[in-house]
Structure formats: C-alpha cells, structure tokens
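Read top to bottom, the protein sequences are chains A and B.
Position in the first sequence (from 1) plus 8 gives the number in this note's numbering.
Position in the second sequence (from 1) plus 8 gives the number in this note's numbering.
Note that CB positions come from ideal geometry on N, CA and C, so glycine has one too.
There are 2 protein chains.
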Amino acid sequence: APGTVWLVGAGPGGPGLLTLLAYRALGEADVVVHDALVSPAILDLAPAHVERIHAGKRGGKPSPKQADITIRLIDLARAGKKVLRLKGGDPFMFGRGGEEAGELSRAGIPFRIVPGISSGLGGLAYAGLPVTHRDTNHTVLFLTGHDETGTVPSAVDWPAVSAAAPVLVMFMAVKHLPIIAERLRAAGRPQHEPVTIVSHAATPGQSVIETTLERVALLEDVPTPAIIVVGPVDAHRANLDWYRAELRSHVFG
Amino acid sequence: APGTVWLVGAGPGGPGLLTLLAYRALGEADVVVHDALVSPAILDLAPAHVERIHAGKRGGKPSPKQADITIRLIDLARAGKKVLRLKGGDPFMFGRGGEEAGELSRAGIPFRIVPGISSGLGGLAYAGLPVTHRDTNHTVLFLTGHDETGTVPSAVDWPAVSAAAPVLVMFMAVKHLPIIAERLRAAGRPQHEPVTIVSHAATPGQSVIETTLERVALLEDVPTPAIIVVGPVDAHRANLDWYRAELRSHVFG
C-alpha cells in the first residue's frame, strides 16, 4: 500500500495540549519525524517499536536543511510508511507546514494536516496572557522575528505594524529583539510599553520576563524558545496567572 | 469541596481537534456550559448524567448576556460543581475568555485555561489555507469584524491594517464584509485581491467561497459561522486542499 504523511502540530508543551487526532497518529504511525520543539513526553506516547527521526530546526544550531527534511518525508512515504511529521506548535503558524505540504502534494504523496495549539496563542494562555480582550484590542498581529536568511524580515512595514494592532505576538524574535523594539519605538510605540517574554511556554520550566520596549536591550540570556508579546495584555496577568506550581507538577499539562 | 471552572476551547470542528485535556474535562465535569459553536458530537463525549447548559452567544440571535453567563459560572462553582466552560475555537482569540477568567479570578473561584485550536488558524488549515508561508508573509493579522456594539470596530486603523500584513484573518466579519472590503480598498489593497471565506470550517459541512475584494458586495447568504481571509494564501489551496469527501465522512474529524 502507498504510504501517507500526517503533518501534525504538537502544541506548545506537554501531552495535554495534543489533539485527539495527534494522539491517534502517535499510536498508528510507522515513523515519527519530529523537530526539536516536540517534548520527550509526547514522543514517549508512540509505541516503542516506532522509529523516531529527529529533523529539528533550531535557531543557532546545526540542523537539517528544509529540503532534506521534505525529501526524507517523501522517501519514507514512497517506501510505504505511515509517516507522522510532528512539529511544535501549529504547522501553519510560522512552522513551514505550507511548504512541506506543498512538496508532498507535488510529489503525489497522500497527506493530511492536523493543526496544533500555537505557542503564540495557547502558550501565552499558560502565562495568563489573552491575546485579545475587548477592553484593549480588536486586532492582534503575529510576526516572525527572523526570515530564512536569519535577519529581521525586510518586507515588514514597522510603522504599519505599530499602528495596526495594540497586541503584537512575536515568534523567533529573541535574537533581534533590540532591533525590533527600536523600530517599534521609532514608529511611535511608547518606550514604557509592556513587553512580556514567555520562555518554554506551557511546560513545567515556563518562565516569564516582564519588561518594556526601552529596557529590552538590557536583557541577557533569555531562555529559548520564547514567545514575545508587546502590548497591554500584561495587565491581565495578575488576575489570570493560573499555571501555578501544583499544576506544573503534572507532566500531562 | 469548593468548585472549579475549567475554561476550555473546543476547537473549530469535531472531536478530533479537541485536546486531550479538553477530552478529560468532558469526562470529569459535573456540568458543561457551552456556546452555540460547540458541536453535538463533542458534547456527546460527556457522560449522560452530566448537565449541559447552553449559554451560546451567536450573532443575530437572542442569547444570554455575557454578565449572566459569568454569574452562572460563579454560582455553579460556589455550589461545589466542577464546571466545564466550553467555547468554540480558542477562548482567548476573540472568545471573551479573558473577561470570563478575570471575573472568576475576582470572585475567588479556582480556574484554569485549556487553549483550543482557533478556527482562524486550524479551521483554515482544513481548507488548505496556511496563514503564513515564507513565500508570501512574515506577518499575519487577526481581527474581529464587529465589536460589542455590533458595528465595525471603530478603533481599527484600516490603512495600518492594510499595510501591516499581507494576510488578514477576520472573525465574525460576514455581516460587515462589504464595509470592511471597501475600507481595505480605500487603504490601498488591490480590488482583485483574493478573499477566501470558509464556512463551518473543519466540519463535514465545510464550504469555501473564493472571491475578491471588489466582488464581496455581491455575495448573498454566506453560511455562518465563517472565517474570512484576505490575501494570497488562496494560491496554495489547489495543492493543499486535503479535506476531501472520504475524510469528511469521519465524524471524529
């Protein structure tokens, strides 16, 4: 029988934020091709005989090229395998899932998508940060802090971004955060505007830094992966910070 | 023992996009307080003895006031119940979850958040629409098409929105779509720009309309709920439209 690829989001943290479809796929796959952001507790849900292939892409560390990952998925499927391509967060939110699925489609490989909880949405919920709140915003903008060349995306219109949404959620933006903060300030966002950084969101090791646009340049050693939020959502944290020690002890999430 | 409230996102469609935490909550709750967007197949996962309370808010139809819903949650928790507050999509993405959680916190009710798959992200994936793709966009903006008064949100800076992100994802925007399209055109978005409307996303009844900014005023009877995307993501649909008839027959998703 021909193989298939399920392109699946694993969510931001532990097994509890997996979808039922993702959980089922872990039980049925012949091989799991995962990136560095998928937690060991999730990979442990696959039966012992299932082959695990680490195809992680992680900022600053050597990692397989995107084309090599895609070729591997196609080869495995052509060998008749049921392939689970498991990515942290959601595959279509800065996860390059659209590219991988497009290549599978062009190669004639049957595939399906299983969306996951995005770290930039559900991960922030674990830090008591609602990305929308009717008191503060009717728009929210998500952006990636670096493009495929590793620099701040050149096509971003910072004055427009600055004015378009009170809440800005940034992925992969730790490295270039001082530059980004400076562009937002130059575009008119106040220097005292809150910046909240959630590292290892929705995991027992979650940590949160609360700072401001003018102070981000002083930060050192921000743990990654991290999601960064600019905007007034931090005001809700005092009330909504529900993910306390006793809950963190549950590996399930 | 004191009661608790779990504020949980049910995702856009069937049970397959529930998280494992949401599934567990359905099995353990005393009472489920759900909105109109939660599918019957999901509610059926709760044991028969569990009380179901419909507290739906749905555009254009009579529905309980937000304050009444929150009071109900608090009363149930104070009566010692384990309350599952189940909302379509994600509670923090235009779902008023931040408000409900804030009221619970101020009332001293123990609560936790379980994020869900947002319709504006995972629902679109079921129509082969990646909200980000490195060929097209490093930013994506989400907005709601009406505010608490039922009109187009007045604080939205349409020229900024128009320039900030190649891809705009709109919730609850069917009613005011002609006005919104006109504002985007006035702000410089091309009249031939693709507009893709996904109704009943990630359900067997999913339907997709592909049109343009200049033609949306001609639309009649767009099924709701719907997510609307403005931008070039429609170009991927020919390759990525994986959610076909044989998959739709699975109620699981």
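Strand pairing of residue i, partner residues [DSSP]
i	result
M178(B)	L151(B), I236(B)
E59(A)	V39(A)
P202(B)	T220(B)
S127(B)	In the DSSP output, where bridge partners are listed per residue, S127(B) has none listed.
S215(A)	S207(A)
T12(B)	K90(B)
H141(B)	N145(B)
G17(A)	K95(A)
T27(A)	T27(B)
Endpoints, alpha helix (DSSP H) assigned at residue i
i	result
L167(A)	Per the sequence presented here, residue 167(A) reads as Pro, with Leu not at that position. P167(A) -> alpha helix (DSSP H) spans 166 to 172.
L221(A)	From DSSP, L221(A) is part of no alpha helix (DSSP H); its letter is neither H nor E.
G106(B)	105 to 114
R256(A)	253 to 256
P186(A)	185 to 194
R245(B)	245 to 248
A49(A)	48 to 51
Test item: CB-CB of residue i and residue j under 8 Å
i	j	result
L15(A)	E108(A)	yes
V238(B)	V203(B)	yes
A115(B)	D249(B)	no
D165(A)	A171(B)	yes
D38(A)	K90(A)	yes
P94(B)	V13(B)	The question names Pro, but residue 94(B) in the sequence shown is Leu. Result no, Cβ atoms of L94(B) and V13(B) do not sit closer than 8 Å.
T5(A)	L129(B)	This structure does not reach residue 5(A), given that chain A is present from 9 up to 261, and the question cannot be answered.
R46(A)	A18(A)	The sequence shown places Val at residue 46(A), rather than the Arg named in the question. Against a cut-off of 8 Å, the Cβ pair of A18(A) and V46(A) comes out as a contact.
V241(B)	V175(B)	yes
G153(B)	H141(A)	no
V122(B)	A63(B)	no
Q214(A)	V224(A)	no
R86(B)	G196(B)	no
A210(B)	G21(B)	yes
T27(B)	L26(A)	yes
V139(A)	V169(A)	no
Euclidean distance between Cα positions of residue i and residue j
i	j	result
L221(B)	L192(B)	8 Å
A234(A)	A181(A)	8 Å
A144(B)	L29(A)	Residue 144(B) is actually Thr in this sequence, not Ala. Near 29 Å, if we compare the C-alpha coordinates of L29(A) and T144(B).
E111(B)	M101(B)	17 Å
L137(B)	S113(A)	14 Å
H200(A)	A189(A)	11 Å
G35(B)	E156(A)	44 Å
P186(B)	E228(B)	11 Å
H184(B)	P167(A)	26 Å
R245(B)	L84(B)	45 Å
I61(A)	I50(A)	14 Å
G88(B)	P72(B)	23 Å
A54(B)	L92(B)	10 Å
S257(B)	P231(A)	44 Å
G158(A)	P99(A)	20 Å
A133(B)	N247(A)	33 Å
T219(B)	A243(B)	12 Å
Y31(A)	P48(A)	14 Å
R120(A)	G131(A)	24 Å
S127(A)	I236(A)	10 Å
I117(B)	R104(B)	17 Å
Residue i, enclosing beta strand (DSSP E) - first and last residue
i	result
I77(B)	Unbroken run through I77(B) is the alpha helix (DSSP H), 74 to 86; no beta strand (DSSP E).
R120(A)	119 to 122
L94(B)	90 to 95
Checklist line | Interface residues of the region 118 to 150 of chain B facing chain A [CB-CB below 7 Å] | finding: Sequence-ordered contacts of the region 118 to 150 of chain B with chain A read F119, R120, I121, P123, I125, S126, L129, G130, A133, P138, V139, T140, H141, R142, H146, T147, V148, L149, F150 [C-beta pairs closer than 7 Å].
Check: According to a CB-to-CB cut-off of less than 7 Å, which residues of the region 232 to 248 of chain A neighbour chain B?
Finding: Correct list: H244, N247, L248.
Checklist line | Residues in the region 13 to 38 of chain A having any Cβ partner in chain B nearer than 7 Å | finding: From the region 13 to 38 of chain A, only P23, G24, L25, L26, T27, L28, L29, Y31 have a Cβ closer than 7 Å to chain B.
Note to self: Give me the subset of the region 105 to 119 of chain A whose CB atoms are less than 8 Å from a CB atom of chain B, sorted by chain position.
What the structure shows: Listed by position, the residues of the region 105 to 119 of chain A near chain B (Cβ gap below 8 Å) are G105, G106, E107, A109, G110, S113, R114, F119.
Item checked: Interface positions of the region 155 to 178 of chain A facing chain B (Cβ-Cβ less than 7 Å), listed along the chain -> Of all residues in the region 155 to 178 of chain A, D155, E156, P161, A163, V164, D165, A168, V169, A171, A172, A173 have a Cβ within less than 7 Å of some Cβ in chain B.
Next item on the list: Identify each residue in the region 80 to 104 of chain B for which the Cβ-Cβ distance to at least one residue of chain A is less than 9 Å, and report them in chain order.
Entry: Cβ contacts with chain A: D98, P99, F100, M101, F102, G103, R104.
Next item on the list: Pull out every residue of the region 198 to 230 of chain A whose Cβ sits closer than 7 Å to any Cβ of chain B, in chain order.
Entry: Listed by position, the residues of the region 198 to 230 of chain A near chain B (Cβ gap below 7 Å) amount to none.
Checklist line | Against chain B: residues of the region 44 to 56 of chain A by CB proximity under 9 Å | finding: The residues in question: there are none.
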